[in-house]
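Student: Just passing along the structure, written as C-alpha cells.
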Amino acid sequence: MKKILVIHGPNLNLLGKREVDIYGTITIDNINKELKKIAKSRNVNLTIMQSNHEGEIVEAIGESTKKFDAIVINPAAYTHTSVAIRDAVSAVKVPVVEVHLSNIYSREEFRHTSLIAPVAKGQISGFGKMSYVLGLEAVIGLLDK
Ligand code: DQA
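Under numbering that gives the first Met the number 0, the first residue of the sequence shown carries the number 0, and numbering increases by one thereafter.
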C-alpha cells in the first residue's frame, strides 16, 4: 500500500476561525476527514501532520524518503520565506505537491512568490478544500504511473 504524508504548515490549525473571509469556515479536521475518506477509497495509507515550526517540517520532509512515497504540503506562510523547506523538498526523491486554499497570486504581492514551487512536482492554489483533494489525487496519479 502506498504511503502519503500530508503536511499542514503554520497557522492552519486555526482554520475555521482565522481570516474566514479568505479561508472560509472550513476546519483542518474537515479537510483531514475528507482526505482520509479519499485515501481509504483509493487504498492508500495517509499520515497527516500540522506544525507551526519550520524545523519540524524540514525534518519530516528529510525523513520522508524512508517512510513515504509522496508528500502533499501546504507550507502556508513558509511558502514565501523558507529556503530550508525548499532545500528539504529538493533534497528528497519523494514527489511533493504544493497546495494552497487561497489563490496566492490574487493576494498581496509578497504571496506571489513560492520558494517551494520550482522544486515541487506541481502546485494547486485557490480551490479551498478542493486544493488538498486535487493535490492528493495528483500524487496518487503520479504513484500509479
Ligand atoms: C496559504 C496561503 C499563504 O500565503 C498563507 O500564509 C497561509 C495559507 C493558503 O493555503 O492559502 O497561511 O498557504
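No residue lacks a Cβ here, since even glycine has one placed at the ideal position from N, Cα and C.
(1) Beta strand (DSSP E) containing K128: first to last residue?
(2) Which whole-angstrom value describes the C-beta separation of A70 and V43, a residue pair presumed to lie in contact below a C-beta threshold of 8 Å?
(3) Please confirm whether V95 has its beta-carbon closer than 7 Å to some beta-carbon of chain C.
(4) Determine the burial state of R85: buried for a count of at least 16 other Cβ atoms within 10 Å of its Cβ, exposed for fewer.
(5) Quick one: grab the DSSP three-state call for I25.
(6) Return the chain-ordered list of same chain residues with a C-beta closer than 7 Å to the C-beta of R110, the five sequence neighbours on each side being excluded.
(7) With a threshold of 6 Å, establish whether the CB of R110 neighbours any heavy atom of the ligand DQA.
(8) Residues in the same chain with beta-carbon distance under 6 Å from I47, minus the five sequence neighbours each way, listed in chain order, please.
Tutor: Walking through what the data contain:
(1) In the sequence shown, the residue the question calls residue 128 occupies position 129. Careful: K128 lies outside any beta strand (DSSP E), inside the alpha helix (DSSP H) at K128 to D143.
(2) Indexing the sequence shown from 1 puts residue 70 at position 71. Indexing the sequence shown from 1 puts residue 43 at position 44. For clarity, residue 70 is Ile in the given sequence; the question names Ala instead. Going by Cβ atoms, the distance from I70 to V43 rounds to 13 Å, so no, they are not a contact pair.
(3) Absence of chain C from the displayed structure is noted, only one protein chain being present.
(4) Reading the sequence shown from its first residue, position 86 is the one you call residue 85. R85 is buried by the Cβ-count criterion.
(5) Stepping through the sequence shown from its first residue, residue 25 is reached at position 26. Here I25 sits in coil by DSSP.
(6) Here residue 110 refers to the residue found at position 111 of the sequence shown. Within the same chain, R110 has close Cβ partners H79 and I103.
(7) Along the sequence shown, one-based indexing puts residue 110 at 111. R110: yes, Cβ under 6 Å from the ligand DQA.
(8) Residue numbering aside, residue 47 sits at position 48 when the sequence shown is read from its first letter. Cβ neighbours of I47 beyond the five flanking positions: V5 and N31.
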